[in-house]
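Enquirer:
Numbering (the numbering used here), first residue to last: 205 to 854.
(1) In whole angstroms, give me the CA-to-CA distance for residue 599 and residue 829.
(2) Name the two residues that bound the continuous alpha helix (DSSP H) containing residue 565.
(3) Exposed or buried, what is residue 586 when buried is set at 16 or more other beta-carbons lying within 10 Å of its beta-carbon?
(4) Looking at C-beta atoms only, is the number of pairs between the segment 375-393 and the segment 269-289 that lie closer than 8 Å three or more?
(5) What did DSSP end up calling residue 240 once you bin it into helix, strand or coil?
(6) Rounding to the nearest angstrom, what Cα-Cα distance links residue 517 and residue 556 in this structure?
(7) Once the 5 residues before and after residue 861 are set aside, which same chain residues still bring their CB inside 7 Å of it?
(8) What separation, rounded to the nearest whole angstrom, lies between the Cα atoms of residue 825 and residue 846?
(9) What are the start and end residues of the beta strand (DSSP E) that includes residue 281?
(10) What residue from 803, 289, 747 and 729 has the CA that sits closest to residue 765's CA?
(11) Can the beta-carbon of residue 537 be found closer than 8 Å to that of residue 716?
(12) Grouping DSSP H, G and I as helix and E and B as strand, with all else coil, what is residue 449?
(13) Measuring CA to CA, which of 471, 726, 784 and 346 is closest to residue 560?
(14) Alpha carbon to alpha carbon, how far is residue 209 from residue 266?
(15) Can you say whether residue 319 is buried or exposed, counting buried as having 16 or more other CB atoms within 10 angstroms of its CB?
(16) Which residue comes first and which comes last in the beta strand (DSSP E) that contains residue 501?
(17) Taking 8 Å as the cut-off, decide whether the C-beta atoms of residue 775 and residue 753 are in contact.
(18) Beta strand (DSSP E) containing residue 761: first to last residue?
(19) Identify every run of the alpha helix (DSSP H) within the segment 313-365, keeping only runs that are complete inside it and at least 4 residues long; order them along the chain.
(20) Using 10 angstroms around the beta-carbon of residue 451, count the other beta-carbons present and answer buried if the total reaches 16, otherwise exposed.
(21) Could you tell me the boundaries of the beta strand (DSSP E) in which residue 214 lies?
(22) In this structure, how does DSSP classify residue 748 when only helix, strand and coil are distinguished?
(23) Could you have a look at residue 303 and say whether DSSP puts it in helix, strand or coil?
(24) Return the first residue and the last residue of the beta strand (DSSP E) that residue 377 is part of.
(25) Helix, strand or coil for residue 708, going by three-state DSSP, please let me know.
(26) According to DSSP, is residue 628 part of a helix, a strand, or is it coil?
(27) So, is residue 256 buried or exposed, given that buried needs 16 or more other C-beta atoms within 10 angstroms?
(28) Tell me whether residue 913 is buried or exposed, calling it buried when 16 or more other Cβ atoms sit within 10 Å of its Cβ.
(29) Do you know offhand how far residue 805's Cα is from residue 813's?
(30) Given this structure, state the Cα-to-Cα distance separating residue 332 from residue 372, to the nearest angstrom.
(31) Measuring CB to CB, does residue 578 end up less than 8 Å from residue 606?
(32) Under 8 Å, do residue 440 and residue 467 count as touching if we go by C-beta distance?
(33) What do you reckon, are the CB atoms on residue 396 and residue 693 nearer than 8 Å?
(34) State whether the segment 312-327 contacts the segment 277-287, with contact taken as three or more CB pairs (one from each stretch) at a distance under 8 Å.
(35) Please state whether DSSP places residue 419 in a helix, a strand or coil.
(36) Check the C-beta distance from residue 413 over to residue 479 and give it rounded, since I have them as a contact under 8 Å.
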């Protein structure tokens, strides 16, 4: 339970998770436990629990939901009359003690089970036949006892038990959401760059538009992405507009940062006129839908100094002692082009306006919001807004872009954000990756769903700056396989790794200027054919789609490798009548080739310790015979990452 049951645990449809409880009673009678699942329509179903540690009275069961909505679940402990009789009868009849008494008591317990618990005639017949056998004095006591403890009887009383002294726990909230809340591949773009052109004669840029950006969607979909994420598309302020590389003075033709929202042309409910009209935006969304892509929009609650709200609602901002409105700061960073909102002076008025803004974009087909810096706004605001939207649009997904302290990141997830940015970009060595991902796939998975991004438009770590092709392949592969949701920022295919001096971000940052990447140069027959990672990203997404094990988070299991720079993990998932098992072996420093032994925990793969299996490398197509101990080579002369499918045991 999350926060003592105050907030819901989360899953998506068909996502399995384990419920555990401590269940005990006084005396020596048998105890048992059940989880009761109640669906959004109020229909209840029961899942029998299994005692996994008798000494600690620990019980567990794995459950899942078959539809989205607000569920509840609770644990019920109860006295087990059949279990008590079964235990005592086996001992006493075997010892010849109170034989007739024990057999008659068994018959009466089963008669109660028929009379007091709803069953079909066929189900009841199993128990009635056992009653007849227990009372049949023509047979020896051992045969009569056997009639009451058959596998069929025990199965029937596991499925539909006779329960005495039921003591229910608290109904705990459980929010079940659609699959995209947990699993998806994102592609980020600045729409103004897609189709932007530069005139060599005048030295001026012409902005890309929604129509030209829509032309890029075919390639994004072909790479296998599920979500196209757009940075803000609103009018950009002119007062204090930032120039290239975050300079304080913009030239007359600098487009400014799309995060400095608002001008005389409109605010958060408008589109930048250079991008087109709402009709053009709708056409972009429609084209994305045709290609199987959802559209995510950046919700950045920032205002440029000339945003319409500044003059109409000055109470929505913070006024300093000198009478000026405070601009955003994250010392030593200063954002003179942005006024942050103040939620204290008129919380109801501001809430109503922001709720309206969100609805505008939902009405235009946006199904996902990537929220910029949500940790700088009140948690109560997000909890209210997300719940309010979910009342009429439960399909909407919210991603928290909050690179801040863990308690805030975790609480944002608890109050409603379905997905969360993480520290993945700064976790590089094996120990920290294992520790961090174990946390994310462990208790935190009940409410927080991580999204891994190797780079963003704000983040280019020193590791990525120095890394070459193999580092960029490795980090993308790990992001795509360690967690179910990952994202790629446009230009990752081209290994854009030149930093701005003194900053962990790219030089000539796209936030402050147009960028024409000349995608056509990397297509077959182009002058840079073969220099793009697009085929590699395509293969990663093909693997993700083909392997349901990679769609889940809680199934992450780490294994050992002798080389400390080699990371090994697996994911397994049962799909109908087969197990989907994927093993990943990654060279975390692929500047050199590493030869090492890996040591697999075979039960985590659904195999016995002595079994072998055929390992199929989904990147290279190679096959090997593997067992608990396997030799691997990863590095520049092979591949930095092996993504292995477990084909069959032998």
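All residues carry an ideal CB built from backbone N, CA and C; glycine is no exception.
Expert: Reading it off the structure:
(1) Residue mapping note: residue 599 aligns to position 395 of the chain shown, counting from 1. Residue mapping note: residue 829 aligns to position 625 of the chain shown, counting from 1. For the pair residue 599 and residue 829, the Cα-to-Cα distance works out to about 44 Å.
(2) By one-based count along the chain shown, residue 565 stands at place 361. Counting along the chain, the unbroken alpha helix (DSSP H) around residue 565 starts and ends at 551-567.
(3) Your numbering for residue 586 matches position 382 in the chain shown. Classification for residue 586: buried.
(4) Yes, they touch.
(5) Mapped onto the chain shown, residue 240 falls at position 36. Looking at residue 240 - three-state DSSP - the assignment turns out to be strand.
(6) To locate residue 517, count along the chain shown from 1; it is residue 313. To locate residue 556, count along the chain shown from 1; it is residue 352. Between residue 517 and residue 556, the C-alpha separation is close to 13 Å.
(7) Outside the displayed span of the chain (205 to 854) sits residue 861, for which this structure offers no information.
(8) The residue labelled residue 825 in the question sits at position 621 within the chain shown. The residue labelled residue 846 in the question sits at position 642 within the chain shown. Distance between the alpha carbons of residue 825 and residue 846 is about 10 Å.
(9) In the chain shown, the residue the question calls residue 281 occupies position 77. Per DSSP, residue 281 belongs to the beta strand (DSSP E) from 273-283.
(10) Position 561 of the chain shown, counted from the first residue, corresponds to residue 765. Nearest in C-alpha terms to residue 765, of all of 803, 289, 747 and 729, is 803.
(11) If you number the chain shown from 1, residue 537 lands on position 333. If you number the chain shown from 1, residue 716 lands on position 512. Contact: no.
(12) Start at 1 with the first residue of the chain shown, and residue 449 comes out as number 245. If DSSP states are grouped into helix, strand and coil, residue 449 belongs with the helices.
(13) Sequence index remark: in the chain shown, residue 560 carries index 356 (1-based). With distances taken between CA atoms, residue 560 lies nearest to 471 out of 471, 726, 784 and 346.
(14) Numbered from 1 along the chain shown, position 5 holds the residue referred to as residue 209. Numbered from 1 along the chain shown, position 62 holds the residue referred to as residue 266. Distance between the alpha carbons of residue 209 and residue 266: 19 Å.
(15) Your numbering for residue 319 matches position 115 in the chain shown. With fewer than 16 other Cβ atoms within 10 Å, it is exposed.
(16) Residue 501 sits at position 297 when you count from the first residue of the chain shown. DSSP places residue 501 inside the beta strand (DSSP E), whose first and last residues are 498-503.
(17) One-based indexing of the chain shown puts residue 775 at position 571. One-based indexing of the chain shown puts residue 753 at position 549. In this structure, residue 753 lies closer than 8 Å to residue 775 by Cβ.
(18) Locating residue 761 in the chain shown gives position 557, counting from the first residue. Per DSSP, the unbroken beta strand (DSSP E) holding residue 761 starts and ends at 761-765.
(19) The qualifying runs are 325-338, 345-352 and 355-363.
(20) Translated into the one-based positions of the chain shown, residue 451 becomes position 247. So residue 451 ends up on the exposed side.
(21) Mapped onto the chain shown, residue 214 falls at position 10. Judged by DSSP secondary structure, residue 214 falls within the beta strand (DSSP E) whose first and last residues are 213-216.
(22) By 1-based counting over the chain shown, the position of residue 748 is 544. Residue 748: helix per DSSP, three-state reduction.
(23) As a first step, residue 303 must be located in the chain shown, where it is residue number 99. In the structure shown, residue 303 adopts helical secondary structure according to DSSP, grouped into three states.
(24) Along the chain shown, one-based indexing puts residue 377 at 173. Residue 377 -> beta strand (DSSP E) spans 376-381.
(25) Taking the first residue of the chain shown as 1, we reach residue 708 at position 504. Note: residue 708 maps to coil in three-state DSSP.
(26) By one-based count along the chain shown, residue 628 stands at place 424. Residue state, collapsed to three classes: helix.
(27) In the chain shown, counting from the first residue as 1, residue 256 sits at position 52. Exposed: under 16 other Cβ atoms inside 10 Å.
(28) Because the chain here runs from 205 to 854, residue 913 falls outside it and cannot be looked at.
(29) Within the chain shown, the letter at position 601 stands for residue 805. Within the chain shown, the letter at position 609 stands for residue 813. Whole-angstrom Cα-Cα distance: 8 Å.
(30) Within the chain shown, the letter at position 128 stands for residue 332. Within the chain shown, the letter at position 168 stands for residue 372. One alpha carbon belongs to residue 332, the other to residue 372, and they sit about 29 Å apart.
(31) On the chain shown, position 374 is the one that residue 578 refers to. On the chain shown, position 402 is the one that residue 606 refers to. In contact: residue 578 and residue 606 (Cβ atoms closer than 8 Å).
(32) Translated into positions along the chain shown, residue 440 becomes position 236. Translated into positions along the chain shown, residue 467 becomes position 263. Yes, the Cβ-Cβ distance between residue 440 and residue 467 is below 8 Å.
(33) Residue numbering aside, residue 396 sits at position 192 when the chain shown is read from its first letter. Residue numbering aside, residue 693 sits at position 489 when the chain shown is read from its first letter. No, these two residues do not count as a Cβ contact at 8 Å.
(34) Short answer: they touch.
(35) Within the chain shown, residue 419 is the residue found at index 215, counting from 1. Note: residue 419 maps to helix in three-state DSSP.
(36) Position 209 of the chain shown holds residue 413. Position 275 of the chain shown holds residue 479. Indeed, because the Cβ distance is near 5 Å, the residues count as touching under 8 Å.
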